[in-house]
Amino acid sequence: MSLSERQKDEINRAIAEYLQNNGYNDTFDTFLKEASLSENDIKPLGGILEKKWTTVLRLQRKVIDLEAKLTESLREINHGAPTRDKRQAADWIPRPPEIQKLIGHRLPVTRVIFHPLWTIMASCSEDATIKVWDYETGQLEKTLKGHTDAVNDIAIDAAGKQLVSCSSDLSIKLWDFGQSYECLKSLKGHEHTVSSVAFLPTGDFVISASRDHTIKQWDISTGYCVFTFRGHNDWVRMIKISNDGTLFASASLDQTVSVWSFATKTAKLVLRDHEHAVECVEWAPDSAYTNITGQQPEGNSTHILFSGSRDRSIKAWNINTGDVVFTLLAHENWVRGLAFHPKGKYLISVADDKTMRVWELSAQRCMKAIDAHDHFVCTVAFHQTHPYVITGSVDQSCKVWECR
Numbered sequence: 007m008s009l010s011e012r013q014k015d016e017i018n019r020a021i022a023e024y025l026q027n028n029g030y031n032d033t034f035d036t037f038l039k040e041a042s043l044s045e046n047d048i049k050p051l052g053g054i055l056e057k058k059w060t061t062v063l064r065l066q067r068k069v070i071d072l073e074a075k076l077t078e079s080l081r082e083i084n085h086g087a088p089t090r091d092k093r094q095a096a097d098w099i100p101r102p103p104e105i106q107k108l109i110g111h112r113l114p115v116t117r118v119i120f121h122p123l124w125t126i127m128a129s130c131s132e133d134a135t136i137k138v139w140d141y142e143t144g145q146l147e148k149t150l151k152g153h154t155d156a157v158n159d160i161a162i163d164a165a166g167k168q169l170v171s172c173s174s175d176l177s178i179k180l181w182d183f184g185q186s187y188e189c190l191k192s193l194k195g196h197e198h199t200v201s202s203v204a205f206l207p208t209g210d211f212v213i214s215a216s217r218d219h220t221i222k223q224w225d226i227s228t229g230y231c232v233f234t235f236r237g238h239n240d241w242v243r244m245i246k247i248s249n250d251g252t253l254f255a256s257a258s259l260d261q262t263v264s265v266w267s268f269a270t271k272t273a274k275l276v277l278r279d280h281e282h283a284v285e286c287v288e289w290a291p292d293s294a295y296t297n298i299t300g301q302q303p304e305g306n307s308t309h310i311l312f313s314g315s316r317d318r319s320i321k322a323w324n325i326n327t328g329d330v331v332f333t334l335l336a337h338e339n340w341v342r343g344l345a346f347h348p349k350g351k352y353l354i355s356v357a358d359d360k361t362m363r364v365w366e367l368s369a370q371r372c373m374k375a376i377d378a379h380d381h382f383v384c385t386v387a388f389h390q391t392h393p394y395v396i397t398g399s400v401d402q403s404c405k406v407w408e409c410r
């Protein structure tokens, strides 16, 4: 492909500007003569040669990355990754590229969750809104407004009829979900940012965690706080209720994970092994017990808890003994979110290294790393009955990933 006379002239002027700006005076004079240019022809171009050079390098790196991803995809198709029709459901994992990129939030996304019954998901953001999306079409269905500061967490009850949210405006709000989408009630009592919230399985109580170091239990019929759990010495970042509803776990900036009993209203265990703040916790499903421990469960004692930390590690804990079962290391920055494959074979994690990682629990290894977002990945959720994973990021987007 040959250059036109105009393109040749533009290149010559750019080269002349580069030589002049960088002090190559002798070469500059010689070049002007050989290119039939005069100094009057050389107008400021803003360093266009350097800019085009760096652009070419950037595009070359992008091409190399895309070729690597294409090679990997072809290898998976030909050898290791049959389509979903040929693969057992227990082996489905999220694979790039994403099938939907949901754009609408104006500040970082803090949490994403699936509706338990419908093909919709919800996201919340530091922009003080909650958005409801159809994750199959990517269409925005509704925006819930009411908070006056960042919305840090959301949860949907088991029936899928109510949503609860918590915010840096110190409030917790209960919303009708699916009909009017109206705010039904505001719960107030925390003295600092409310960072996490969860429904009890019965749906009549909510627990919340705060930067005021406390965890509160609320009766949603009255809106009153019925108990305050105290024990952490710093910001409580996340709370998660166990699968049987008898316990809940809390992660804190004090570098500990506490396991609490609803029956006794006390901490059953305080787990100490992380070397930095603990950002997230997640209870393993009963189906994961054998993959995690290598043993068959005895009775109903299948309480295994996972925690992710700013020390870049993920730890599996046996709640019956308080011991670390194993530690997973691969992330290169803070671990921000965890989600289990519903069949119990894999763990999904996201982190500030911008990746989503898939862990094979029985082998305790990272089997796949996906470049998920252009900025920190804050949250992840795995649908319990359909082959989809969603992630949310500081880049203000949510992504839907198909599993196969």
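Every number in the working numbering is 6 more than the matching position in the sequence shown, counting from 1. Note that beta-carbon positions come from the ideal geometry of N, C-alpha and C, so glycine has one too.
Spatial neighbours of residue i within its chain, please: C-beta separation below 6 Å, excluding the five flanking residues on both sides.
i: R64; result: none
i: L335; result: S319
i: L277; result: V263, W323
i: Q106; result: G144, V406
i: L123; result: G166
i: W224; result: L193, V212, C231
i: L176; result: H196
i: S214; result: C172, I178, V200, V203, K222
i: K151; result: T135
Taking all protein chains shown into account, do 16 or more other C-beta atoms lie within 10 angstroms of the C-beta of residue i, making it buried, or fewer, making it exposed?
i: A95; result: exposed
i: R12; result: exposed
i: K374; result: buried
i: H392; result: exposed
i: R371; result: exposed
i: R236; result: exposed
i: H282; result: exposed
i: P103; result: exposed
i: S171; result: buried
i: Q145; result: exposed
i: R101; result: buried
i: E414; result: Nothing in the structure corresponds to residue 414, since the chain is present only between 7 and 410.
i: V62; result: exposed
Whole angstroms are fine: how far does the CA of residue j sit from the CA of residue i?
i: A5; j: I298; result: Given that the chain is displayed from residue 7 to residue 410, the structure contains no residue 5 and the question cannot be resolved.
i: P88; j: G314; result: Reliability of the predicted coordinates at P88 is poor, the pLDDT of 49 falling under 50, and the value obtained from them is presented with this limitation in mind. When rounded, the distance between both Cα atoms is 31 Å.
i: T272; j: I245; result: 15 Å
i: H347; j: T270; result: 31 Å
i: D260; j: S216; result: 13 Å
i: V395; j: D359; result: 18 Å
i: I54; j: T60; result: 10 Å
i: S258; j: R243; result: 5 Å
i: L25; j: N31; result: 7 Å
i: L353; j: E288; result: 10 Å
i: H337; j: T361; result: 8 Å
i: W220; j: E73; result: What sits at residue 220 in the sequence shown is Thr, not Trp. Taking the straight line joining both Cα atoms gives about 50 Å.
i: L38; j: V69; result: 35 Å
i: D317; j: H280; result: 7 Å
i: F388; j: H121; result: 11 Å
i: A41; j: N18; result: 7 Å
i: P50; j: S8; result: 26 Å
Could you give the first and the last residue of the continuous beta strand (DSSP E) run that contains residue i?
i: I310; result: 310-315
i: Y141; result: That residue, Y141, is in no beta strand (DSSP E); it is neither H nor E in DSSP.
i: E338; result: Premise fails: E338 is in no beta strand (DSSP E) and is neither H nor E.
i: V276; result: 272-277
i: R371; result: 371-377
i: T220; result: 220-225
i: Y352; result: 352-357
i: W266; result: 263-267
i: R117; result: 115-120
i: E304; result: Premise fails: E304 is in no beta strand (DSSP E) and is neither H nor E.
i: L180; result: 177-182
i: I247; result: 242-247
i: C231; result: 230-236
i: K191; result: 189-194
i: D159; result: 157-162
Need the endpoints of the alpha helix (DSSP H) that residue i sits in, please.
i: R12; result: 11-27
i: F37; result: 31-40
i: I298; result: 295-299
Excluding the 5 residues flanking residue i on each side, which residues of the same chain have their C-beta closer than 8 Å to its C-beta?
i: A274; result: Note on identity: in this sequence residue 274 is Lys, with Ala being the wrong assignment. Taken in chain order, the residues that qualify are L253, V265, W266, S267, I325.
i: E45; result: L38
Could you name the residues of the same chain whose beta carbon sits closer than 7 Å to that of residue i, not counting the 5 residues immediately before and after it, in chain order?
i: W98; result: R90, P393, C409, R410
i: L190; result: L180, W181, D182
i: S131; result: H111, L113, P114, V115, T116, V157
i: I126; result: V138, W139, D140, Y141, E147
i: I21; result: F37, L55
Kindly examine the ligand FMN and report whether one of its heavy atoms sits closer than 8 Å to the Cβ of residue i.
i: I21; result: No copy of the ligand FMN appears in this structure; indeed no ligand is present at all.
Give a yes or no on whether the minimum CB-CB distance between residue i and chain C is below 9 Å.
i: T391; result: Among the chains of the structure shown, chain C does not appear; only one protein chain is present.
*If we count Cβ pairs, one from each stretch, closer than 8 Å, do we get three or more for the segment 142-162 versus the segment 200-207?*
Counting Cβ pairs under 8 Å, three or more are found: they touch.
*Does the segment 340-347 touch the segment 323-332, meaning 3 or more C-beta pairs lie closer than 8 Å?*
With the cut-off at 8 Å, the segment 323-332 and the segment 340-347 do not touch.
*Check whether the segment 219-236 touches the segment 185-199, counting contact only when three or more Cβ pairs, one atom from each stretch, lie closer than 8 Å.*
The segment 219-236 and the segment 185-199 touch, with no fewer than 3 CB-CB distances between them shorter than 8 Å.
_contact_flag[the segment 363-375, the segment 110-121] where n(CB pairs < 8 Å) is 3 or more_ = The answer is no - the segment 110-121 does not touch the segment 363-375, with fewer than three Cβ pairs under 8 Å.
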